[in-house]
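Under our numbering, the first residue of the sequence shown is numbered 1028, with each subsequent residue one higher. Notes follow the structure.
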Amino acid sequence: MLDDRLRPKIDLLIDPIARRVAAAGVTANTVTVAGLVLGLAAAASIAAQAYLAGLALVLASRLFDGLDGAVARVKGKTDFGGYLDIVLDFAFYGAIPLGFVLADPQANAIPGAVLIFSFYVNGASFLAFAIMAEKNDLASREKSAKSFFFSTGLAEATETLAVFVLACLVPEWFPALAYLFAAICFYTALSRIVMTGRLLG
């Protein structure tokens, strides 16, 4: 919901860094992979109950996630780069709740499983719509810096990051946050299904 509003402001900060990174010969795909490595390190830190270290690594990972696209705009976007970005993003989004589950299985296992399930459903609705949008030439009507059609929703990257940050700051809130955000993800998926039915049904 907030991604489109925040992206131009973030790009203003990231673009100068991206130009330096690109000039140093670093590829966007390298930045993407580095972002996942940081994300997995964040999940491992959370699993070890080092929540503030996990928070710092989560934020660093998402910085790299924004930086890879900016580097791609400098060096030239590729279809594989877009593919790699979305696959590794989903790996990150699954890893962080798993970290909380491993940190405290008794309290977090069921909420974490529900949250990951909601990510799975929401992600499927998002990716399936992107395929249908491409097939029906909807992507050509949408001006976007992304590699494929991004349908917006109530639960996007900004909101997900906010939930992860809150959970790292107050770990005992994770079960409530997980259930609440899972409900938002399910609502987002449902609204996307309804929208797709109206567009393509």
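Here a beta-carbon is modelled for each residue, glycine too, at the ideal position from N, C-alpha and C.
Judged by DSSP in its simplified three-state form, Glu1161 adopts helix. Rounded to the nearest angstrom, the Cβ distance from Phe1119 to Leu1063 is 6 angstroms, consistent with a contact under 8 angstroms. Counting the other Cβ atoms within 10 Å of the Cβ of Leu1142 gives 16 or more, which makes it buried. Between Thr1223 and Met1159, the CB-CB gap stays under 8 angstroms. Straight through space, the alpha carbons of Leu1082 and Leu1196 are spaced by roughly 8 angstroms. Exposure of Phe1107 is indicated by the presence of fewer than 16 other C-beta atoms within 10 angstroms of its C-beta.
When the beta-carbon positions are compared, Ala1045 and Leu1094 come within less than 8 angstroms of each other. Here Ile1123 has Ala1070, Phe1191 as same chain residues with Cβ atoms under 6 angstroms from its own Cβ, once five neighbours each way along the sequence are excluded.
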